[in-house]
Amino acid sequence: AQNTVERGGYSEYQTGLAVEFSAGKSGFEKSNEYKWLIEHGVDYGFVERFPKNKESTTGKTAEPGHFRYVGEENAKRMRQMGMCLEEYTAYLDSQSQK
Numbered sequence: 076a077q078n079t080v081e082r083g084g085y086s087e088y089q090t091g092l093a094v095e096f097s098a099g100k101s102g103f104e105k106s107n108e109y110k111w112l113i114e115h116g117v118d119y120g121f122v123e124r125f126p127k128n129k130e131s132t133t134g135k136t137a138e139p140g141h142f143r144y145v146g147e148e149n150a151k152r153m154r155q156m157g158m159c160l161e162e163y164t165a166y167l168d169s170q171s172q173k
């Protein structure tokens, strides 16, 4: 359960920066809506928060419909660098310490 449900007071949804998308059906990751979000979400500052290929890094089970607003510049850099939010914030921290 720790990999799928946040403890009280720790949910990103409380920040107002996270959103859950759905196409009204299960298997959202196979929908055209999901494909569009993956391709164009960065143009609006959104990234997939818990991607399947980053489960070991995020410590969370993949959530294809969970997107996080990080701003357009950050979203595009994250995509270009192939980073999830945890990796990107660690990268930014390392850059600020130089």
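Here our numbering = 1-based position in the sequence shown + 75. Where a beta carbon is used, it is the ideal one built from N, C-alpha and C, also for glycine.
Between the C-alpha atoms of glycine 120 and glutamine 170 there is a straight-line separation of about 21 Å. Residue environment: asparagine 107 is assigned as exposed (fewer than 16 neighbouring CB atoms within 10 Å of its CB, all protein chains considered). For the pair phenylalanine 142 and glutamate 123, the CB atoms are nearer than the 9 Å cut-off. Nearest to histidine 115 by alpha-carbon distance, out of Glu87, Ala150, Thr164, Asp168, is Ala150.
The beta carbon of alanine 93 sits closer than 6 Å to the beta carbons of Glu87, Arg143 from its chain, once the five residues preceding and following it are set aside; these are given in chain order. If you look at glutamate 148, you'll find it in the alpha helix (DSSP H) that goes 147-156. Just so you know, the alpha carbons of glycine 146 and phenylalanine 96 end up roughly 18 Å apart. Buried is the label assigned to methionine 153, since at least 16 other Cβ atoms lie within 10 Å of its Cβ.
For the pair methionine 156 and glycine 91, the Cα-to-Cα distance works out to about 25 Å.
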